[in-house]
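Chemist: Residue numbers (this note's numbering): 12 to 183.
1. Using 8 Å for Cβ pairs, my map puts residue 103 next to residue 59. What's the rounded Cβ distance?
2. Taking the alpha carbon of residue 151 as the point to measure from, which residue in 23, 128, 28, 73 has its own alpha carbon closest?
3. Run through DSSP, which three-state label would residue 48 get?
4. Give the single residue among 70, 129, 22, 27 whose Cα lies nearest to the Cα of residue 34.
5. I need the straight-line Cα distance from residue 39 to residue 158, nearest angstrom please.
6. Going by DSSP, which residues form a beta bridge with residue 108?
7. Exposed or buried, which one is residue 162 when buried takes at least 16 other CB atoms within 10 Å?
8. How would you write the range of the beta strand (DSSP E) that residue 159 sits in, first residue to last?
9. Ignore the nearest five residues each way along the sequence and tell me which others in residue 99's own chain have a CB closer than 7 Å to its CB.
10. Use the C-beta contact count for residue 28: other C-beta atoms within 10 angstroms, 16 or more gives buried, fewer gives exposed.
11. On the DSSP bridge assignment, give the partners of residue 175 in chain order.
12. In whole angstroms, what separates the C-alpha of residue 165 from that of residue 156?
13. Just reading off the alpha helix (DSSP H) that residue 23 is part of, what are its end residues?
14. Roughly how many angstroms lie between the CA atoms of residue 175 and residue 56, to the nearest whole one?
15. Take the Cβ of residue 154 as the centre, count every other Cβ of all protein chains shown within 10 Å, and call the residue buried at 16 or more, exposed below.
16. Among 44, 67, 18, 110, whose alpha-carbon lies nearest the alpha-carbon of residue 132?
17. Considering only residues of the same chain and omitting the five flanking positions on each side of residue 113, which have a CB-CB separation below 6 Å?
Here it is as structure tokens:
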């Protein structure tokens, strides 16, 4: 059995890991990352990134071997309305996520106060053979045929397989 993770948008993951904030006089600081896909409980805590097959910045799949021929997709609890707008979920309480804590993300590490951190360049990329290290992850697994039907806005068939996978200290 193999579990694969794919960073679809390196720039957004790097912005989440950096945790930069923009000071606005008389108002709370604004996040320089997308709250729909990134949650930070504190300025020094881990960066939790939402895992989603649809419109997500990180995808993940589990491929059972030999006796199981159907692929399984890890998917967050995203509800995509007809207009295609992804909703923010309070406190990073997604069904599928990965946390990057105290890591060096290929030049996107966080140092100093959030408002003193520099912005990530829009052309930031994680290069081939560069490694990402995560401190924790949780995946809710769903049969790929169900995921495919949901993306096509069709009725979901009964799943043949599903489950959950939780762990720590992974690398991709």
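Beta carbons are placed, not taken as given, at the ideal position from N, Cα and C, and that holds for glycine.
Modeler: Quick answer:
1. 4 Å
2. 73
3. coil
4. 129
5. 38 Å
6. 61, 149
7. exposed
8. Premise fails: residue 159 lies in the alpha helix (DSSP H), 155–162, not in any beta strand (DSSP E).
9. 46, 47
10. buried
11. 151
12. 11 Å
13. 21–29
14. 24 Å
15. buried
16. 44
17. Per-residue confidence for residue 113 stands at a pLDDT of 48, beneath the threshold of 50, marking its modelled position as unreliable; no derived number is given.
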